[in-house]
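As structure tokens, the structure follows; a few thoughts come after it.
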Amino acid sequence: MQPASQNTSTRRIEALKKAAQNKRKTATDRAEAGIRSLLKDGTEINFRSVSRAAGVSLDFLNDHPDLRLRIETLRGQQQRATARPPANTAPNSDCTVIQTLTEALRRERGTRRDQVRDLEQRLAAAHGEILRLQRRLREHGLADL
Numbered sequence: 019m020q021p022a023s024q025n026t027s028t029r030r031i032e033a034l035k036k037a038a039q040n041k042r043k044t045a046t047d048r049a050e051a052g053i054r055s056l057l058k059d060g061t062e063i064n065f066r067s068v069s070r071a072a073g074v075s076l077d078f079l080n081d082h083p084d085l086r087l088r089i090e091t092l093r094g095q096q097q098r099a100t101a102r103p104p105a106n107t108a109p110n111s112d113c114t115v116i117q118t119l120t121e122a123l124r125r126e127r128g129t130r131r132d133q134v135r136d137l138e139q140r141l142a143a144a145h146g147e148i149l150r151l152q153r154r155l156r157e158h159g160l161a162d163l
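Every letter in the sequence shown is one number past the one before it in the numbering used here, and letter 64, counting from 1, is 82.
Here it is in structure tokens:
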């Protein structure tokens, strides 16, 4: 027969093990529910989005091979689905090429517009600095240099 203190310790250990198992099961269920929710909403599936949706840590997801595999599989499926050309156009059709080039041109024009705006602001600042320095030279009687 075991002493009372050893029996109590055994019960506590068993209770702690059971609590840990329940906690793990609850977190796994939340992760599964988070994945289902993201799929339903059409949101991108990745470790961070599942972690946020389920309220579990990234480590938890990575430490559970079944969850990790499911997230990686769904992420790959989504990436392949978005990489495909639209079903109603041929991959090399003139329409697709025109759309791609038009979009590239639009992005390039936007980039150039932003660069010109930045350069104009810098030029205005440089002109202001030149005027400020010219005034200081006049104050010190050195404007003729």
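A virtual CB, placed ideally from N, CA and C, is assigned to each residue, including glycine.
Outcome for I89 when other beta-carbon atoms lying within 10 angstroms are tallied against a minimum of 16 = Label assigned to I89: buried.
Residue from S27, T46 and Q39 whose Cα sits closest to the Cα of R86 | Selected option, being the one with the closest Cα: T46.
Mind checking which residues open and close the alpha helix (DSSP H) that includes G94?
-> Its alpha helix (DSSP H) spans residues P83 to A101.
Alpha helix (DSSP H) segment containing V134, residue limits | Judged by DSSP secondary structure, V134 falls within the alpha helix (DSSP H) whose first and last residues are D112 to E157.
Of all the options R42, D59 and I148, which has the alpha carbon lying nearest to the alpha carbon of G73?
-> The closest CA to that of G73, considering only R42, D59 and I148, is found on R42.
Counting Cβ pairs closer than 8 angstroms, one from the region 60 to 69 and one from the region 29 to 43, do we hit at least three?
-> By the Cβ rule, the region 60 to 69 does not count as touching the region 29 to 43, because fewer than three pairs are nearer than 8 angstroms.
Taking the alpha-carbon positions, what's the T129 to D112 distance?
-> In this model, T129 and D112 are separated by some 26 angstroms (Cα to Cα).
So, are the CB atoms of L92 and A71 less than 7 angstroms apart?
-> No, the pair does not count as a contact, with Cβ atoms beyond the cut-off.
At what residues does the alpha helix (DSSP H) containing S69 begin and finish?
-> Where S69 is concerned, the enclosing alpha helix (DSSP H) starts and stops at F65 to A72.
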